[in-house]
Every structure is written in C-alpha cells, then in structure tokens.
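Single-structure report; data block below.
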Ligand SMILES: [Zn+2]
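Residue numbers (our numbering): 458 to 560.
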C-alpha cells in the first residue's frame, strides 16, 4: 500500500533536513544508551531518538506528529550510517500514514 507517497518530495525533505542539521550543528549524543539530538539554535532543547517498529523515530513535532523527515534524524543517520529512506519512521515506512501526512 504505497499509493500517494511522493518519494521525490520525501527525498528533497531529507536533503533539506541534512543541510539544516549541518548548518545548525545538530549533535547526536548517547545518554546511557538513549540517543538524543541537540540543536545549537535551542541550546536547552533536545529530542529523544528511538528505534520504533517502523524505524528510527524522533520526538520532535515534524516527525512525531507528521511523520516527516527532520534534522535530528538526519543527524542520527549521519552519525550511525543508517539509510534515512528505509531505516527511519516517516510516511514512507509507516503503513497507513496517509492521515498523518497531510502537510
Ligand atoms: Zn526531529
């Protein structure tokens, strides 16, 4: 059931997320086995990253609510060498994501 997913759009979003992660120096830190992503633009903010059943997920609004690529997962992919398209939780990997992916 991979009907209305626009992969080109998704790839562009990942590319932008990767650029933002670099520009904003997003770091991935390992806190006792739990990964978190920090952002230099919001020094006191960090987002939890965890391996969900659909791939790596992030608790920020973009990924958690809209299943969209985010700079935190882009930074994690860079750090761990994972494939953002197949190993992260987005509209491409969650089976019935149409309702969530209306943005
Ligand atoms: Zn995120």
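Where a beta carbon is used, it is the ideal one built from N, C-alpha and C, also for glycine. On a predicted model such as this, the values are computed, not experimentally measured, just so you know.
*Identify the residues that DSSP records as bridge partners of residue 512: which are they?*
The residue labelled residue 512 in the question sits at position 55 within the chain shown. Note: residue 512 sits in a beta bridge opposite 509.
_Endpoints, alpha helix (DSSP H) assigned at residue 494_ = As a first step, residue 494 is located in the chain shown; it is residue number 37 there, counting from the start. Residue 494 -> not in any alpha helix (DSSP H); beta strand (DSSP E) instead, spanning 491-496.
*ligand 1 heavy atoms versus the CB of residue 519: any closer than 7 Å?*
Counting from 1 along the chain shown, the entry for residue 519 is found at position 62. Yes - ligand 1 has a heavy atom lying nearer than 7 Å to the Cβ of residue 519.
*Taking the C-alpha atoms as reference points, what is the distance between residue 485 and residue 548?*
The residue labelled residue 485 in the question sits at position 28 within the chain shown. The residue labelled residue 548 in the question sits at position 91 within the chain shown. In this model, residue 485 and residue 548 are separated by some 23 Å (Cα to Cα).
*Report the residue from 531, 514 and 546 whose alpha carbon sits nearest the alpha carbon of residue 480.*
In the chain shown, counting from the first residue as 1, residue 480 sits at position 23. Closest option to residue 480, Cα to Cα, is 531.
*Alpha carbon to alpha carbon, what distance is there between residue 553 and residue 504?*
In the chain shown, counting from the first residue as 1, residue 504 sits at position 47. In the chain shown, counting from the first residue as 1, residue 553 sits at position 96. About 24 Å.
_Buried or exposed for residue 490, going by 16 or more other Cβ atoms inside 10 Å?_
For the purposes of this step, residue 490 is taken as residue 33 along the chain shown, with counting starting at 1. Exposed, by the Cβ-count rule.
*Is it true that the CB of residue 542 sits closer than 8 Å to the CB of residue 494?*
As a working mapping, residue 494 is identified with position 37 in the chain shown. As a working mapping, residue 542 is identified with position 85 in the chain shown. No, they are not a contact pair.
_Per-residue burial, residue 546 [other beta carbons within 10 Å of its own, 16 or more giving buried]_ = The residue given as residue 546 occupies position 89 in the chain shown. Buried, by the Cβ-count rule.
*asked:* Quick check on residue 485: does DSSP put it in helix, strand or coil?
replied: For the purposes of this step, residue 485 is taken as residue 28 along the chain shown, with counting starting at 1. Strand.
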